[in-house]
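*Asks:* Input: one structure, supplied below.
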Amino acid sequence: MKDPKYDISEGRKTLYYLGMALMAVGFLLFISVFFTMWSNPFGGPSSMGAAPIGFVLIILGSILRGIGAKGLAGSGVVLDPKQAREDLEPYTRAGGGMIKDALDETGLTRPDNYEPQVKLRCRSCRALNDEAARYCSQCGEEL
Ligand SMILES: [Zn+2]
Numbered sequence: 036m037k038d039p040k041y042d043i044s045e046g047r048k049t050l051y052y053l054g055m056a057l058m059a060v061g062f063l064l065f066i067s068v069f070f071t072m073w074s075n076p077f078g079g080p081s082s083m084g085a086a087p088i089g090f091v092l093i094i095l096g097s098i099l100r101g102i103g104a105k106g107l108a109g110s111g112v113v114l115d116p117k118q119a120r121e122d123l124e125p126y127t128r129a130g131g132g133m134i135k136d137a138l139d140e141t142g143l144t145r146p147d148n149y150e151p152q153v154k155l156r157c158r159s160c161r162a163l164n165d166e167a168a169r170y171c172s173q174c175g176e177e178l
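Here the sequence shown stands for residues 36 to 178, where the numbers follow my numbering.
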């Protein structure tokens, strides 16, 4: 049995951050057009070229980011349901973990060290004693 996957590989992390950086650059390029248009309305069409380039960079960046986060199959670039499941495993595990955390919060699940205990009630003083005890810990009466 293989270990459960919680981590995303270094390569995919790099791709994720690369995509994010590309999106940021594209966004800056995209809005820079509006600033140059605003400060210099007669600047000519040369500055307008940056807008589509910025737009393409944003799209490209978001695709790269998706692949980095969810893997090739997970983001739908490669159609492979089995691989997609493996790529998305850190996410599904995180989801399952969150459900478990929520259940733990409600106290519905038992802690790992849970052990059922049988207690004996003393006939004379009503105190609870361990199953193995022969005499009451409160009054010393035989159980
Ligand atoms: Zn007792």
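For each residue, glycine too, the CB sits at the ideal point set by N, CA and C.
Could you spell out the range, first to last residue, of the alpha helix (DSSP H) harbouring Leu99?
*Replies:* Position 64 of the sequence shown, counted from the first residue, corresponds to residue 99. That run of the alpha helix (DSSP H) goes Ala85 to Gly109.
*Asks:* From Val113, Gly61 and Phe70, pick the residue whose C-alpha is nearest to that of Phe90; which is it?
*Replies:* Residue mapping note: residue 90 aligns to position 55 of the sequence shown, counting from 1. Comparing Cα-Cα distances from Phe90 to each of Val113, Gly61 and Phe70, the minimum goes to Gly61.
*Asks:* Who sits around ligand 1, taking every residue whose Cβ is closer than 6 Å to one of its heavy atoms?
*Replies:* Cys157, Ser159, Cys160, Ala162, Cys171, Gln173, Cys174 and Glu176
*Asks:* Within this structure, are the beta carbons of Leu178 and Tyr170 separated by less than 8 Å?
*Replies:* Position 143 of the sequence shown, counted from the first residue, corresponds to residue 178. Position 135 of the sequence shown, counted from the first residue, corresponds to residue 170. Result yes, Cβ atoms of Leu178 and Tyr170 sit closer than 8 Å.
*Asks:* Determine whether the beta carbon atoms of Gly109 and Leu95 lie at a separation below 8 Å.
*Replies:* Taking the sequence shown and counting its residues from 1, one reaches residue 109 at position 74. Taking the sequence shown and counting its residues from 1, one reaches residue 95 at position 60. No, these two residues do not count as a Cβ contact at 8 Å.
*Asks:* So is Met36 buried or exposed if we call it buried at 16+ other beta carbons inside 10 Å?
*Replies:* The sequence position of residue 36 within the sequence shown is 1, counting from 1. Low local confidence applies: a pLDDT of 45 at Met36 is under 50, so the model's placement there is unreliable, with the coordinate-based value given in what follows. Exposed, because fewer than 16 other Cβ atoms sit within 10 Å of the Cβ of Met36.
*Asks:* Inspect the beta-carbon positions of Leu64 and Ile88 and report whether they are closer than 8 Å.
*Replies:* Position 29 of the sequence shown, counted from the first residue, corresponds to residue 64. Position 53 of the sequence shown, counted from the first residue, corresponds to residue 88. It is a contact, given that the beta carbons lie within the stated cut-off.
*Asks:* In the DSSP assignment, the beta strand (DSSP E) including Asp122 goes from what residue to what residue?
*Replies:* Looking up residue 122 in the sequence shown gives position 87. Taken as a continuous stretch (DSSP letters only), Asp122 belongs to no beta strand (DSSP E), being part of the alpha helix (DSSP H) at Pro116 to Asp122.
*Asks:* Would you tell me roughly how many angstroms separate the C-alpha atoms of Ser172 and Thr141, rounded to the nearest one?
*Replies:* On the sequence shown, residue 172 is found 137 positions in, with the first residue counted as 1. On the sequence shown, residue 141 is found 106 positions in, with the first residue counted as 1. Taking the straight line joining both Cα atoms gives about 34 Å.
*Asks:* Between Arg156 and the rest of its own chain, which residues show a CB-CB distance below 7 Å, the 5 nearest in sequence each way excluded?
*Replies:* Here residue 156 refers to the residue found at position 121 of the sequence shown. Hits under 7 Å: Leu163.
*Asks:* Confirm, please, whether the CB-CB distance from Pro125 to Ile18 is below 8 Å.
*Replies:* This structure leaves residue 18 out entirely; the chain is present only between 36 and 178.
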